[in-house]
Amino acid sequence: MAARTRFKRLVHVTACDSTQDLAQLDEHPLPSAFWAEHQTAGRGRQGRDWSDEPGLDLAVTFKVPQLSLENPICLAAAVPLSVLKALEPQTGARLALKWPNDLLLGGRKISGILMDTLGQAPETYLLGIGINVNRTQFPSELFETATSLALTTGREMDRWELVLELAIQIHDTLDQLERNERAPLEILFGERLGLMNRMVTLRAGSSTYRGRMVELDFEGLTLDDGTTVPLGLVQNIAPGQP
Ligand code: BTN
Numbered sequence: 043m044a045a046r047t048r049f050k051r052l053v054h055v056t057a058c059d060s061t062q063d064l065a066q067l068d069e070h071p072l073p074s075a076f077w078a079e080h081q082t083a084g085r086g087r088q089g090r091d092w093s094d095e096p097g098l099d100l101a102v103t104f105k106v107p108q109l110s111l112e113n114p115i116c117l118a119a120a121v122p123l124s125v126l127k128a129l130e131p132q133t134g135a136r137l138a139l140k141w142p143n144d145l146l147l148g149g150r151k152i153s154g155i156l157m158d159t160l161g162q163a164p165e166t167y168l169l170g171i172g173i174n175v176n177r178t179q180f181p182s183e184l185f186e187t188a189t190s191l192a193l194t195t196g197r198e199m200d201r202w203e204l205v206l207e208l209a210i211q212i213h214d215t216l217d218q219l220e221r222n223e224r225a226p227l228e229i230l231f232g233e234r235l236g237l238m239n240r241m242v243t244l245r246a247g248s249s250t251y252r253g254r255m256v257e258l259d260f261e262g263l264t265l266d267d268g269t270t271v272p273l274g275l276v277q278n279i280a281p282g283q284p
């Protein structure tokens, strides 16, 4: 990982509350990865829990110190694409993106991403990635909505290889964003969101918008009535009739 990416350290622990906290408390200045075999208080977005099967799944946080980005929402959009690129060769299947932070396989969630920031600009970013890797059973509340790599492929995955591939993809994506080479990422973003030229319902702040989505990039999206909504304000987008 150190040879191929900017992540020069991998901190691998048996258990912790959350790798986001592990990363936050760590004082080493270099970009680093924090991987826990089990999180006792894994966090999802909006105060939700994130659960794992100890020793079977992947809970990892990539800490990127002092990153200068014109528009940080680009990172929120691009990191799920990095995870998607790391996972697809393993599955041989096409993954879908559900804005803002879910990756779906066959309509079921296989990965979730949580992005925290520390300090003032240029901020330090904590890119937290949870992947259902080798577990083959889920609690009843996730039974119909979640899946794993092992369930999809029928074989056990090497999680070390997966952590390395994630580091490579995130590294390459950060390089692209730093060079402002957004176009290929934005194309993939539109493809995997799968909502272009479709009727959508989206929620942004206290407003709900409905219409056909005619433009989309990392800045925002436009509906067929001309309404433009900055991507950073969009809480969710779903296919739906106006
Ligand atoms: C979500 O789907 O709401 C986001 C889930 C993010 C889970 C990952 S696992 C590694 C990192 N540590 C956490 O506590 N959460 C993220």
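Under the working numbering, think of the first position of the sequence shown as 43, with each following residue one higher.
Heads up, the beta-carbon is just placed ideally off N, CA and C, and yes, glycines get one too.
Just so it is clear, the structure is predicted and the values come from calculations on it, not from any experiment.
Any non-hydrogen atom of ligand 1 within 6 Å of residue i CB
i: THR103; result: yes
i: ASN143; result: yes
i: THR56; result: no
i: THR61; result: yes
i: LEU139; result: no
i: GLY97; result: no
i: ARG48; result: no
i: GLY84; result: yes
i: LEU168; result: no
i: ARG150; result: no
i: THR247; result: As written in the sequence, residue 247 is Gly, which differs from the Thr given in the question. Checking the Cβ of GLY247 against ligand 1 gives no.
i: ARG87; result: yes
i: TRP77; result: no
i: LEU117; result: no
i: GLY232; result: no
Assigned exposure category for residue i - 16 Cβ within 10 Å defines buried
i: ALA83; result: exposed
i: ALA188; result: buried
i: GLY154; result: buried
i: ASP99; result: buried
i: ASN239; result: exposed
i: ALA101; result: buried
i: TRP141; result: buried
i: SER182; result: exposed
i: TRP77; result: buried
Q) Does the region 168-180 come within contact of the region 231-245, defined as at least 3 CB pairs closer than 8 Å? A) no
Q) Which parts of the region 93-155 are runs of the alpha helix (DSSP H), unbroken and 4 residues or longer, counting only runs that do not cross its ends? A) 115-133
Q) Are the region 57-69 and the region 124-132 touching by the rule of at least three beta carbon pairs closer than 8 Å? A) no
Q: At 4 residues or longer, and completely inside the region 194-249: list those alpha helix (DSSP H) runs for me, N to C.
A: 201-220 and 225-235
Q: Report yes or no: do three or more beta-carbon pairs, one from the region 238-245 and one from the region 269-284, lie closer than 8 Å?
A: By the Cβ rule, the region 238-245 counts as touching the region 269-284, because three or more pairs are nearer than 8 Å.
Q: Decide yes or no for the touch test of the region 111-124 against the region 210-225: beta carbon pairs closer than 8 Å, at least 3 of them.
A: yes
Q.
Could you tell me which whole alpha helix (DSSP H) segments of length 4 or greater appear in the region 47-74?
A. 61-67
Q.
If contact is defined by three or more beta carbon pairs under 8 Å, each pair taking one atom from either stretch, is the region 148-163 in contact with the region 250-266?
A. no
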